[in-house]
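Student:
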Amino acid sequence: MTAIATDPPMLERRYARLGVVLIAPTILVFSLVIVYPLLAAIYLSLFSIYTPTLQGEFVGLDNYAKLLTQKAFWSSLGTTLIWTVGTLSLQILAGVGLALLLHQNIWFRSLARSLVLFPYFLSTVVAVLVWRWLFNDLYGALNHGLMQLGVIDMPLDWLGSMPNAMIGVILVGAWKYFPFVVIAVLARLQTIPEHLYEAARIDGAGPVSRFFDVTLPQLRSVLTVIILLRAIWDFKEFDLLYLLTGGGPVTSTQTLSLLVYQEAFGLNRMGQAAAYSVGMMLVMLVFMILYIRRTGRES
Amino acid sequence: MANVTLSKVRKSFGAFTALEELNMEIAAGEFIALLGPSGCGKSTTLRILAGLEFPTSGEISIDDRRVNDLPPGKRDIAMVFQSYALYPHMTVAENIAYPLKKHGVKRPEREAAVRQAAELLQLEPLLDRKPKQLSGGQQQRVALGRALVRDPKVFLLDEPLSNLDAKLRSYMRAELIELHRRLGKTMVYVTHDQLEAMTMATRIAVMHGGRLQQFDTPEMVYNCPANRFVASFIGTPSMNQLEGRVEGGAFILGPDRIAIDRTMFRDDLADGPAVLGIRPEYIQIGRGPLQATVRLAENTGHETILTLELSEGSRITARVEAGSRHKVGQVLSLGLQNDAVHLFEPGENGARLNKEQTGAAVIPMRAQ
Ligand SMILES: Nc1ncnc2c1ncn2[C@@H]1O[C@H](COP(=O)(O)OP(=O)(O)OP(=O)(O)O)[C@@H](O)[C@H]1O
Ligand SMILES: [Mg+2]
Numbered sequence: 000m001t002a003i004a005t006d007p008p009m010l011e012r013r014y015a016r017l018g019v020v021l022i023a024p025t026i027l028v029f030s031l032v033i034v035y036p037l038l039a040a041i042y043l044s045l046f047s048i049y050t051p052t053l054q055g056e057f058v059g060l061d062n063y064a065k066l067l068t069q070k071a072f073w074s075s076l077g078t079t080l081i082w083t084v085g086t087l088s089l090q091i092l093a094g095v096g097l098a099l100l101l102h103q104n105i106w107f108r109s110l111a112r113s114l115v116l117f118p119y120f121l122s123t124v125v126a127v128l129v130w131r132w133l134f135n136d137l138y139g140a141l142n143h144g145l146m147q148l149g150v151i152d153m154p155l156d157w158l159g160s161m162p163n164a165m166i167g168v169i170l171v172g173a174w175k176y177f178p179f180v181v182i183a184v185l186a187r188l189q190t191i192p193e194h195l196y197e198a199a200r201i202d203g204a205g206p207v208s209r210f211f212d213v214t215l216p217q218l219r220s221v222l223t224v225i226i227l228l229r230a231i232w233d234f235k236e237f238d239l240l241y242l243l244t245g246g247g248p249v250t251s252t253q254t255l256s257l258l259v260y261q262e263a264f265g266l267n268r269m270g271q272a273a274a275y276s277v278g279m280m281l282v283m284l285v286f287m288i289l290y291i292r293r294t295g296r297e298s
Numbered sequence: 000m001a002n003v004t005l006s007k008v009r010k011s012f013g014a015f016t017a018l019e020e021l022n023m024e025i026a027a028g029e030f031i032a033l034l035g036p037s038g039c040g041k042s043t044t045l046r047i048l049a050g051l052e053f054p055t056s057g058e059i060s061i062d063d064r065r066v067n068d069l070p071p072g073k074r075d076i077a078m079v080f081q082s083y084a085l086y087p088h089m090t091v092a093e094n095i096a097y098p099l100k101k102h103g104v105k106r107p108e109r110e111a112a113v114r115q116a117a118e119l120l121q122l123e124p125l126l127d128r129k130p131k132q133l134s135g136g137q138q139q140r141v142a143l144g145r146a147l148v149r150d151p152k153v154f155l156l157d158e159p160l161s162n163l164d165a166k167l168r169s170y171m172r173a174e175l176i177e178l179h180r181r182l183g184k185t186m187v188y189v190t191h192d193q194l195e196a197m198t199m200a201t202r203i204a205v206m207h208g209g210r211l212q213q214f215d216t217p218e219m220v221y222n223c224p225a226n227r228f229v230a231s232f233i234g235t236p237s238m239n240q241l242e243g244r245v246e247g248g249a250f251i252l253g254p255d256r257i258a259i260d261r262t263m264f265r266d267d268l269a270d271g272p273a274v275l276g277i278r279p280e281y282i283q284i285g286r287g288p289l290q291a292t293v294r295l296a297e298n299t300g301h302e303t304i305l306t307l308e309l310s311e312g313s314r315i316t317a318r319v320e321a322g323s324r325h326k327v328g329q330v331l332s333l334g335l336q337n338d339a340v341h342l343f344e345p346g347e348n349g350a351r352l353n354k355e356q357t358g359a360a361v362i363p364m365r366a367q
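Residue numbers (numbering that gives the first Met the number 0), protein chains in the order written: chain W, 0 to 298; chain U, 0 to 367.
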């Protein structure tokens, strides 16, 4: 009797030990590439460090005091939020719109479905080169086109003045990343059973009602995940902004990622940069907690 | 009250023809069962009536109005889907109320209608649940409720009871009959269950391979089947069909001669190959010209079904009282009740050769 009673716990313990052995490599790698840099950043943020020599002295929470009292972090956070909200809304609108269109039976559907992915697969450097050429105020195709159409009568300085520069990066960001939304939404649309639409039609629902009563509720979970993921990615976007405007004019498109970079390698203040990045991480933690709670609830 | 007409309706999916030349006139207030084996085109017919599928050719009208070009929402119909098609994110109550909401019915009236439907369908304890939290049968009742709350011209029901257990099914059968009597609405009811069709419908449309085989009252479909398919499809066990030939006043079956009354049959009945049909209940055991060996005796409790082998080799089934003791291997003599004989043309789906009302005493099925 006792042997039988103790058997399952022993087996369970053996499985538990096997589990630990199996996830150990992952935990090790995770610690090396994520936990170590994280702790190092927090450690660095307590020092005043000159980047080229990596020498400096302990200053306690001084860097955080500067973060809280000086304008740089907060205005950059504001810029980051404008960029994130702006480009994300456009990505969602364009992405969902195009997914709905590509879900219809249009004759060039499969061709269009592959073409839509193009911006997403394009290297950021190449995409930015193309867009800088389009945006150029001397020979840019965009100005030329807009003048031909009579929308503007003088060439606009797209990336060198505000608010055009912010509008420009938001547009390019939306263009670059909306295919992700298209693909994710399209995949979900294809799993919505056709008979739901048929039932709704019989119940007297028009196209708008069918979208809000059948399509949207079915898209809700995938949209939440897309929005959270893209919000995190857009929030920390670096290369696209750095290559397109470098944060300019002056600091008007300088998001937090660019601020951290500028502080660390432009102004050689590694300690302050580390403090900014810890601040940035705390903001992103909010998104991450939302995402984890969301996906946790789904499963 | 609205009548429904299908005239010369054809439907093909690519090269495959699902419906061929369907003509059907349904009077206002009728309860029509579309009955037939799987894949015969019942759902397709219903979906064409609903406007979810367009006929390749032909005309459809509801309430004397051509509806070919009307979208489903404008045809004033309610439908129960074979696959339920409940809105997954809405509760049971919201699902049932949805068509009312889309037709601009005010909230208090909606709630009253939902309560009434829930009571009828025994759904009250489930009103706050989501479809995912329901069993198949419960979902089916919600789908039924969503159709019943409305006041449409025509109800279209695609196998609405197929997933219910036997008890609930017979309860719902009675409820639907009662509901039809009370509302007097035209109903088109798809089923492959002949018991449902026989007990509920005012008329049955028997379909096979995309063609309408017979469109008549349950009594007529049972007693005067139009052809061999209807004869074998309606009734369990199905009608015995024996291939032989007509010669004068007799049907020749191998070595045996069965006397027939030629006045029962069409005047153009000629001598030659034919098929004799007789239902198992009209086979008289113990007297008659035929010899048969008992091969199988199945006692169902209230009756016994005998499978018998005739001397020339073909098998027939006979329905006898439960108490009767017949042993496998026993040789019996048997006869056919003369006024219950049908003759059909030979061939896979030969037409019936009887004069209209002959073949069996007419049994009333459902008091209209
Ligand atoms: N969209 C479609 N494309 C091609 N063929 C179809 C389509 N819909 C139905 N069919 C075919 O049409 C025929 C009739 O189908 P239908 O759904 O009307 O059958 P049914 O009588 O309702 O059968 P069941 O009792 O199994 O529901 C079937 O052979 C089916 O394969
Ligand atoms: Mg069907």
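Beta carbons are placed, not taken as given, at the ideal position from N, Cα and C, and that holds for glycine.
Go ahead and pull the three-state DSSP assignment for residue 279 (chain W).
Tutor: Here the question's residue 279 (chain W) lines up with position 280 in the first sequence. Three-state result, residue 279 (chain W): helix.
Student: May I ask you to check if the CB of residue 81 (chain U) is nearer than 6 Å to at least one heavy atom of ligand 2?
Tutor: Counting from one through the second sequence, the residue named residue 81 (chain U) turns up at place 82. Indeed, a heavy atom of ligand 2 lies less than 6 Å from the Cβ.
Student: Classify residue 239 (chain U): buried if its beta carbon has 16 or more other beta carbons within 10 angstroms, exposed otherwise.
Tutor: In the second sequence, counting from the first residue as 1, residue 239 (chain U) sits at position 240. With 16 or more other Cβ atoms within 10 Å, it is buried.
Student: Please list, in chain order, the residues of the region 188-214 of chain W that have any C-beta partner in chain U closer than 8 Å.
Tutor: Listed by position, the residues of the region 188-214 of chain W near chain U (Cβ gap below 8 Å) are 192, 194, 195, 197, 198, 199, 200, 201, 202, 203, 204, 205, 208, 212 and 213.
Student: Do residue 291 (chain U) and residue 331 (chain U) come within 7 Å of each other at the CB atom, strictly closer than that value?
Tutor: Residue 331 (chain U) sits at position 332 when you count from the first residue of the second sequence. Residue 291 (chain U) sits at position 292 when you count from the first residue of the second sequence. Yes, the Cβ-Cβ distance between residue 331 (chain U) and residue 291 (chain U) is below 7 Å.
Student: Return the CA-CA distance between residue 325 (chain U) and residue 318 (chain U), expressed in angstroms with no decimal places.
Tutor: One-based indexing of the second sequence puts residue 325 (chain U) at position 326. One-based indexing of the second sequence puts residue 318 (chain U) at position 319. Spanning the two alpha carbons is a distance of roughly 12 Å.
Student: Residue 42 (chain U): beta carbon under 6 Å from a heavy atom of ligand 2?
Tutor: The residue labelled residue 42 (chain U) in the question sits at position 43 within the second sequence. Yes, ligand 2 has a heavy atom inside 6 Å of this Cβ.
Student: Could you check the C-alpha separation between residue 162 (chain U) and residue 135 (chain U) for me, to the nearest Å?
Tutor: Locating residue 162 (chain U) in the second sequence gives position 163, counting from the first residue. Locating residue 135 (chain U) in the second sequence gives position 136, counting from the first residue. The straight-line gap from Cα to Cα measures roughly 6 Å.
Student: Count the C-beta pairs between the region 5-17 of chain U and the region 272-280 of chain W that are closer than 8 Å, then say yes if the count reaches three, no if not.
Tutor: Touching, no, given that fewer than three Cβ pairs across the two stretches are closer than 8 Å.
Student: Identify every run of the alpha helix (DSSP H) within the region 65-91 of chain U, keeping only runs that are complete inside it and at least 4 residues long; order them along the chain.
Tutor: Those alpha helix (DSSP H) runs which fall completely within the region 65-91 of chain U and span 4+ residues do not exist here.
Student: At which residues does the alpha helix (DSSP H) containing residue 198 (chain W) begin and terminate?
Tutor: To locate residue 198 (chain W), count along the first sequence from 1; it is residue 199. Per DSSP, residue 198 (chain W) belongs to the alpha helix (DSSP H) from 193-201.
Student: Short check: CB of residue 17 (chain U) to CB of residue 43 (chain U), under 7 Å?
Tutor: Reading the second sequence from its first residue, position 18 is the one you call residue 17 (chain U). Reading the second sequence from its first residue, position 44 is the one you call residue 43 (chain U). Contact flag set, yes.
Student: Would you kindly check if the distance between the Cβ of residue 84 (chain U) and the Cβ of residue 195 (chain W) is under 7 Å?
Tutor: Against the first sequence, residue 195 (chain W) aligns to sequence position 196. Against the second sequence, residue 84 (chain U) aligns to sequence position 85. Yes, the pair counts as a contact, with Cβ atoms nearer than the cut-off.
Student: Give me the chain U residues within the contact set of residue 216 (chain W), using Cβ-Cβ distance strictly less than 9 Å, ordered along the chain.
Tutor: Counted from its first residue, the first sequence places residue 216 (chain W) at position 217. Under the 9 Å cutoff, chain U gives 86, 87, 88 and 89.
Student: Would you tell me roughly how many angstroms separate the C-alpha atoms of residue 12 (chain W) and residue 30 (chain W), rounded to the nearest one?
Tutor: Here residue 12 (chain W) corresponds to residue number 13 of the first sequence, with the count starting at 1. Here residue 30 (chain W) corresponds to residue number 31 of the first sequence, with the count starting at 1. About 25 Å.
Student: Take the Cβ of residue 73 (chain W) as the centre, count every other Cβ of all protein chains shown within 10 Å, and call the residue buried at 16 or more, exposed below.
Tutor: Mapped onto the first sequence, residue 73 (chain W) falls at position 74. Residue 73 (chain W) should be labelled exposed.
Student: Would residue 112 (chain U) and residue 147 (chain U) be called neighbours here (beta carbons separated by less than 7 Å)?
Tutor: As a working mapping, residue 112 (chain U) is identified with position 113 in the second sequence. As a working mapping, residue 147 (chain U) is identified with position 148 in the second sequence. Result no, Cβ atoms of residue 112 (chain U) and residue 147 (chain U) do not sit closer than 7 Å.
Student: When DSSP labels each residue in this structure, what does residue 176 (chain W) get in the three-state scheme?
Tutor: On the first sequence, residue 176 (chain W) is found 177 positions in, with the first residue counted as 1. Note: residue 176 (chain W) maps to helix in three-state DSSP.
Student: Have a look at U:46, U:11 and U:340 and flag the residue whose alpha-carbon is nearest the alpha-carbon of residue 281 (chain U).
Tutor: Counting from 1 along the second sequence, the entry for residue 281 (chain U) is found at position 282. Of U:46, U:11 and U:340, the residue nearest in Cα terms is U:340.
Student: Return yes when the C-beta of residue 102 (chain W) is under 6 Å from any heavy atom of ligand 1, and no when it is not.
Tutor: Numbered from its first residue, the first sequence carries residue 102 (chain W) at position 103. No; taking the cut-off as 6 Å, the Cβ of residue 102 (chain W) has no heavy atom of ligand 1 nearer than that.
Student: Find out if the Cβ-Cβ distance for the pair residue 90 (chain W), residue 211 (chain W) is shorter than 7 Å.
Tutor: In the first sequence, the residue the question calls residue 90 (chain W) occupies position 91. In the first sequence, the residue the question calls residue 211 (chain W) occupies position 212. Result no, Cβ atoms of residue 90 (chain W) and residue 211 (chain W) do not sit closer than 7 Å.
Student: Taking the alpha carbon of residue 163 (chain W) as the reference point, which residue from W:292, W:244 and W:228 has its own alpha carbon closest?
Tutor: As a working note, residue 163 (chain W) is residue 164 in the first sequence. Of the candidates W:292, W:244 and W:228, the one whose C-alpha sits nearest the C-alpha of residue 163 (chain W) is W:244.
Student: With a threshold of 6 Å (Cβ to nearest heavy atom), would residue 50 (chain U) be considered close to ligand 1?
Tutor: What you label residue 50 (chain U) is simply residue 51 of the second sequence in a count that begins at 1. Checking every heavy atom of ligand 1 against the Cβ of residue 50 (chain U), none is found closer than 6 Å.
Student: On a Cα-Cα basis, can you pick out the residue from U:71, U:203 and U:336 that is closest to residue 205 (chain W)?
Tutor: Counting from 1 along the first sequence, the entry for residue 205 (chain W) is found at position 206. Nearest C-alpha to residue 205 (chain W): U:71.
Student: Under 8 Å Cβ to Cβ from residue 87 (chain U), same chain only, skipping five residues before and after it: list those, please.
Tutor: Walking along the second sequence from the start, residue 87 (chain U) turns up at place 88. Within the same chain, residue 87 (chain U) has close Cβ partners 129, 130 and 131.
Student: State yes or no: is the C-beta of residue 171 (chain W) within less than 7 Å of the C-beta of residue 232 (chain W)?
Tutor: As a position in the first sequence, residue 171 (chain W) is number 172, starting the count at 1. As a position in the first sequence, residue 232 (chain W) is number 233, starting the count at 1. Cβ atoms of residue 171 (chain W) and residue 232 (chain W): not closer than 7 Å.
Student: Please state the DSSP three-state secondary structure of residue 207 (chain W).
Tutor: By 1-based counting over the first sequence, the position of residue 207 (chain W) is 208. Residue state, collapsed to three classes: helix.
Student: Name, please, each residue of chain W whose Cβ falls closer than 7 Å to the Cβ of residue 98 (chain U).
Tutor: Start at 1 with the first residue of the second sequence, and residue 98 (chain U) comes out as number 99. Those are 202 and 203, listed as they occur along chain W.
Student: Taking the CB atoms as reference points, tell me whether residue 238 (chain W) and residue 79 (chain W) lie closer together than 7 Å.
Tutor: Your numbering for residue 238 (chain W) matches position 239 in the first sequence. Your numbering for residue 79 (chain W) matches position 80 in the first sequence. Contact: no.
Student: Could you please give the first and the last residue of the uninterrupted beta strand (DSSP E) stretch that includes residue 49 (chain W)?
Tutor: If you number the first sequence from 1, residue 49 (chain W) lands on position 50. Residues 46-49.
Student: Does the Cβ-Cβ distance between residue 305 (chain U) and residue 293 (chain U) come in under 7 Å?
Tutor: As a first step, residue 305 (chain U) is located in the second sequence; it is residue number 306 there, counting from the start. As a first step, residue 293 (chain U) is located in the second sequence; it is residue number 294 there, counting from the start. Yes, Cβ-Cβ distance for residue 305 (chain U) and residue 293 (chain U) is below 7 Å.
Student: Is residue 38 (chain U) near ligand 1 - that is, is its Cβ less than 6 Å away from at least one heavy atom of it?
Tutor: One-based indexing of the second sequence puts residue 38 (chain U) at position 39. Yes, the beta carbon of residue 38 (chain U) sits closer than 6 Å to at least one heavy atom of ligand 1.
Student: To the nearest angstrom, how far is the alpha carbon of residue 454 (chain U) from that of residue 107 (chain U)?
Tutor: Because chain U spans 0 through 367 in this model, residue 454 (chain U) falls outside it and cannot be assessed.
Student: Measure the Cβ-Cβ separation of residue 225 (chain U) and residue 351 (chain U) and say whether it is below 7 Å.
Tutor: Locating residue 225 (chain U) in the second sequence gives position 226, counting from the first residue. Locating residue 351 (chain U) in the second sequence gives position 352, counting from the first residue. For residue 225 (chain U) and residue 351 (chain U), yes; Cβs fall inside 7 Å.
Student: Return the chain-ordered ranges of every beta strand (DSSP E) run that is complete within the region 335-360 of chain U and spans a minimum of 3 residues.
Tutor: Complete beta strand (DSSP E) runs here, min 3: 341-343.
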